[in-house]
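Numbering-wise, my numbering puts 259 at position 58 of the sequence shown, and it's gapless, one number per residue.
Yeah, the Cβ is synthetic: ideal placement off N, Cα and C, and Gly gets one too.
Here's the structure, in structure tokens; my notes come after.
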Amino acid sequence: MQIEPKPEVWLRGPLPEISDYLQPVAHALLQAQEEINAQLVNFPDALLWKRPSNVASVGFHLQHLSGVLDRLFTYARAESLSENQLAYLKAEGQPHAPESTVADLLETFNKQILIALTQLKHTDKETLTEMRYVGRAMLPSTHLGLLFHAAEHTQRHTGQLLVTARILEAKS
């Protein structure tokens, strides 16, 4: 018996409790989560930090995805980064971090997606055009701009991660 593949997340209808304005953000995050988890279900830990043709490793992408979602959603709340967030940023790409297995990194990523979706559920649509500032340089954006960028940035790194993982698995 062959299982029919599900349509992409955005074709499954609206997600409950999330504003219509934020559905594309939530759909993109969930799509990335599904694709990453499916691709890495049996991905060997030994390949996690390999860099074929000197591209970023699968481990880096997983760390970065978790970290950037945390940081961008912090800025979206009009908050500054904590010392822990800055330390995490500095350690992204380090293979000897506490999260050193595929399972550890996936767990962290999946938790960050859940945190992001929870924040989307509690986001007042009336605040979406409000100014938000990014980083120590206080670069201007909007609440919606940060949430949208979090989604598109996640999609970009998801594509890179999936290609790198397929190349590494094909070579092993």
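Check                                                                                                      : Outcome
Of the residues Gln203, Ser258, Lys372, Leu230, the one placed nearest Trp211, counting alpha carbons only : Leu230
Option in Glu331, Gln264, Phe274, Tyr334 with minimal Cα separation from Ser301                            : Gln264
Per-residue burial, Gly214 [other beta carbons within 10 Å of its own, 16 or more giving buried]           : exposed
Collapsed DSSP secondary structure at Val256 in the structure displayed                                    : coil
Thr302 (DSSP reduced to helix, strand or coil)                                                             : coil
Simplified DSSP assignment, three categories, for Ser342                                                   : strand
Top-ranked residue by Cα proximity to Asp271, from Ala366, Leu348, Val364                                  : Leu348
Distance, Ile204 Cα to Ser342 Cα                                                                           : 43 Å
Proximity below 7 Å, CB of Thr355 to CB of Ala233                                                          : yes
Lys312 versus Val256, Gln361, Lys207, Leu266, residue with shortest Cα-Cα distance                         : Leu266
Counted within 10 angstroms of its Cβ, other Cβ atoms place Gly268 as buried (16 or more) or exposed       : buried
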